[in-house]
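J.: The structure follows.
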Amino acid sequence: MKTDVVVVGAGPGGMAAAWAAAKSGAETLLIERYGFCGGMATTGIVGGILGHYLNEKEPAVAGFLKVLVEKMAEFGGCEKWENAYKNYGISFDSEILKYAAERLLLEAGVNFLYHSYFHDANVNSGYIDSIEVVNKSGKMTIEGKFFIDATGDADVAYFAGFECTKGRPQDGKTESMGCIFKIAGIEEDKLTEDVVKRAKEKLAELRNTGELKIYNESLGGKGSTTRKGERSFNMTRFPGDATDAIELTQAEINLREETFKIYTFLKENVTGFENSYISSFHINAGVRETRQIKGLYTLCEKEIIEGRKTDDSIARGTYWIDIHCPFGRTVNTHLCCKECQTTEYCIMLGKYKDYLPSKNKLYPPKNDWFSIPARCLIPEKARNLLVAGRCISADHRAMGATRVMATCMAIGDAAGVMAAICLKEKCDTHSLPIKDVQQNIRKIGGFF
Ligand SMILES: Cc1cc2nc3c(=O)[nH]c(=O)nc-3n(C[C@H](O)[C@H](O)[C@H](O)COP(=O)(O)OP(=O)(O)OC[C@H]3O[C@@H](n4cnc5c(N)ncnc54)[C@H](O)[C@@H]3O)c2cc1C
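Following the working numbering, the numbering of the sequence shown begins with 58 at its first residue and continues without gaps.
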C-alpha cells in the first residue's frame, strides 16, 4: 500500500489529522487497531469533550471539533455547535461519535485501514520510508511520504527509534490510568437532593475506609452519553505504565472489578438505581499519560500558567494542569499539588516538594489561552514524521493540560495541515513555512 499521508491512530488527534490532511488536498490513509474511530472517546467512553472552552461567547477550538459536533448533532448524539461550545464540557453519545466521525472522514476523502496494529517502521537517515502493521491479512507494509503518529503512546516515533520521554522527570511515573463506565436504567426523578446527599456521604465513607477505590463521590453525569436515564462515571484510578503489556492487563482486570463494585453499591443502596444496569464497560482502560516525543521544542508548565503565546502557534490550549496521582491513590489525595494530604511515600512530597505548585497555580489565566507551538509536533531527529494528540513534546505537567480531547483535536488539525503543506512545498517537517501552515489552519476553521 502506498499513499501521501499515513495517520496511525483514529483518536481525537488522529481523526482530526486525517480530516485536515485530506481537506488540505493530501491522499490520506487512517490506520486504526480497532474497527471504529474515537480513541479514548469511544474505547474509553471518555467525555465530555474538554479544552475548547474560553468563555460562553467564544470557543478556543473549532476546526474538526466543530464539524464533528455538527455531525453528531445531525444524528441526534450531541447539542448543536452554537449551544454545545458554550458548555465547559461537550457531552455526546459515544456510539454516535463512531458513526459521525466515520461519515465526516469519508466525506473528506480519507481512506481507512481498520483492525491493523502498527508495530514497526523502516527508517532511513531520519525519514520513515514505510511502516509495518499486522492484521488478519498478515503483515502489511505501508509506504507514505509523511506520517502522523496519533497513537497517543508515540508508538510510531518510539519504534522508529526517535527519542521519547515518559512520565515525570523525578521518578518516571505517569498519571494513573482510570476507566469510565456507563449505567443506564436510572430513574432520574428519584434522585432528589436528599438521595444524592446521602449517597455521596456513603460513597465518601467507603472511599475513606478503602472499601471502594474511588477518587470522587460523583453520581455520574452526561459526559459520553446524552441518553435519558443513562450516566457515565469517572471515579476509578489504577497506577502503572500503559506501554507495559503486563501492567496494562492488570489495569484492565482491576478497573473492571472496581467498576462492578461501584455499580453494585449504587444498585443496592441508592434510590433511583434499583433497576439500573451497566450499559458499557470500557473497551480499553483509560490511559492518561505514556510517552511524549522529544520535539524541536518542549512545552512546559510555566507556559500554561502564563498563557504564553508563540509565533509558531498552531493551536490553543485552555485546560489546566490536571495530574491524577501516579500511584493511583484515592484517599487523602486528589490532584498532584502541594496540598496533597497523603501520608504514604511519594518522591514529590519529599525532596521535590518545592517543585509542586499549589492547587491555585494550575490554571492558565482566565479567559485566555496558551499556544501549542508547531515545534512540539516535530520530532527532533525525524524529517517526515509529525505527532498529533497527547504524545506531543510536552513535559509531564504541561501534558496534564494538553491531553484533553478538544486540544488533541486542534493539534490534529494542525498536524494534518502541516503534512499537506510539506507535501505541496516538497519540504521536510523541519523547513515548514509556518505562516502558510497558520493560514491553512484558518481555512479549515481552526484557531491558533
Ligand atoms: C479516565 C480518563 C478520563 C478522561 N477524561 C477526559 C474528559 O472528561 N474530557 C477530555 O476531553 N479528555 C479526557 N481525557 C483525556 C483524553 O481522553 C485523551 O487524552 C485523548 O483521547 C487523547 O487523544 P489521542 O488521540 O492522543 O489518543 P487516544 O484517544 O488514545 O487515541 C489513540 C488511537 O490510536 C490507536 N492506536 C494506539 N496504538 C496503536 C497502534 N500501535 N496501532 C494502531 N492503532 C493504535 C488507539 O486504538 C486509538 O484509537 C481522559 C482520559 C482518561 C484516561
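Just so it is clear, CB atoms sit at the ideal spot from N, CA and C, and this is done for glycine as well.
Which same chain residues, not among the five before or five after LYS366, have their C-beta less than 7 Å away from its C-beta?
T.: Within the same chain, LYS366 has close Cβ partners SER428.
J.: Assuming PHE93 and SER281 make a contact with CB atoms under 8 Å, what is their CB distance in whole Å?
T.: Not quite, the Cβ-Cβ distance comes to about 14 Å (not below 8 Å), so this is no contact.
J.: What residues are listed by DSSP as bridge partners for ALA130?
T.: Bridge partners of ALA130: none, in fact.
J.: If you draw a straight line from the alpha carbon of CYS465 to that of THR375, how long is it in whole angstroms?
T.: Rounded to the nearest angstrom, the two C-alpha atoms are 12 Å apart.
J.: When the cut-off is 7 Å and only beta carbons count, does PRO436 lie next to chain D?
T.: Here chain D cannot be found, since the structure has a single protein chain.
J.: Would you check if the region 442–455 and the region 350–367 touch, i.e. whether three or more CB-CB distances between them fall below 8 Å?
T.: In short, these stretches touch, since the Cβ pair count reaches three.
J.: May I ask which residues mark the beginning and end of the alpha helix (DSSP H) holding ALA372?
T.: From DSSP, ALA372 is part of no alpha helix (DSSP H) but of the beta strand (DSSP E) over 370–374.
J.: Which residue or residues does DSSP assign as beta-bridge partners of MET234?
T.: PHE295.
J.: Got a sec: does ligand 1 put a non-hydrogen atom nearer than 6 Å to the Cβ of PHE203?
T.: Outside the cutoff, so no.
J.: Buried or exposed: which applies to GLY267, given that a residue is buried once 16 or more other Cβ atoms fall within 10 Å of its Cβ?
T.: With fewer than 16 other Cβ atoms within 10 Å, it is exposed.
J.: Would you say ILE507 and VAL64 are within 7 Å of each other, going by their C-beta atoms?
T.: The shown model of the chain, from 58 to 505, leaves out residue 507, and the question about it has no answer.
J.: Residue ranges of each alpha helix (DSSP H) run of no fewer than 4 residues wholly in the region 148–180, ordered along the chain?
T.: Correct list: 151–165.
J.: Can you pull the DSSP bridge partners for TYR402?
T.: Per DSSP, none; premise fails for TYR402.
J.: Starting from TYR215 and walking both ways along the alpha helix (DSSP H), at which residues does that stretch end?
T.: Its alpha helix (DSSP H) spans residues 212–216.
J.: With DSSP collapsed to three states, give me the class of ASN332.
T.: Note: ASN332 maps to coil in three-state DSSP.
J.: In whole angstroms, give me the CA-to-CA distance for LYS128 and ASN497.
T.: Going from the Cα of LYS128 to the Cα of ASN497 covers about 22 Å.
J.: With a Cβ-Cβ cutoff of 7 Å, do ARG294 and THR387 count as a contact?
T.: Against a cut-off of 7 Å, the Cβ pair of THR387 and ARG294 comes out as a contact.
J.: When you compare each of ILE478, ILE153 and ASP470 to MET72 by their alpha carbons, which one comes out closest?
T.: Closest option to MET72, Cα to Cα, is ASP470.
J.: Does the contact criterion of 3 or more C-beta pairs under 8 Å hold for the region 386–405 versus the region 476–487?
T.: The region 386–405 vs the region 476–487: no contact.
J.: By how many angstroms is the C-alpha of GLU287 removed from the C-alpha of GLY218?
T.: Taking the straight line joining both Cα atoms gives about 44 Å.
J.: If you pair each beta-carbon of the region 314–324 with each one of the region 237–244, do three or more pairs fall below 8 Å?
T.: Yes: the two stretches touch, three or more of their Cβ pairs being nearer than 8 Å.
J.: Report the three-state DSSP secondary structure of GLY407 (helix, strand or coil).
T.: Looking at GLY407 - three-state DSSP - the assignment turns out to be coil, as it is neither helix nor strand.
J.: Quick one: does the C-beta of ALA256 sit closer than 6 Å to a heavy atom of ligand 1?
T.: ALA256: no, Cβ never under 6 Å from ligand 1.
J.: I'd like the span of the beta strand (DSSP E) that includes CYS221, first residue to last.
T.: Note, CYS221: beta strand (DSSP E), 221–223.
J.: What span of residues does the beta strand (DSSP E) with ASP186 cover, start to end?
T.: Start and end: 184–192.
J.: How about MET292 and ILE271: do their beta carbons lie closer than 7 Å?
T.: Yes, these two residues count as a Cβ contact at 7 Å.
J.: With DSSP collapsed to three states, give me the class of PHE317.
T.: Three-state DSSP puts PHE317 in a helix.
J.: Taking DSSP's pairing of strands, which residues face ALA451 in a bridge?
T.: Beta-bridge pairing links ALA451 to LEU356.
J.: What residues in its chain sit with their C-beta under 7 Å from that of CYS403, if we drop five residues either side in the sequence?
T.: Excluding positions up to five away in sequence, the list reads PHE384.
J.: Would ALA467 pass as a contact of ALA372 if the rule is Cβ separation under 7 Å?
T.: A contact, by the Cβ cut-off of 7 Å.
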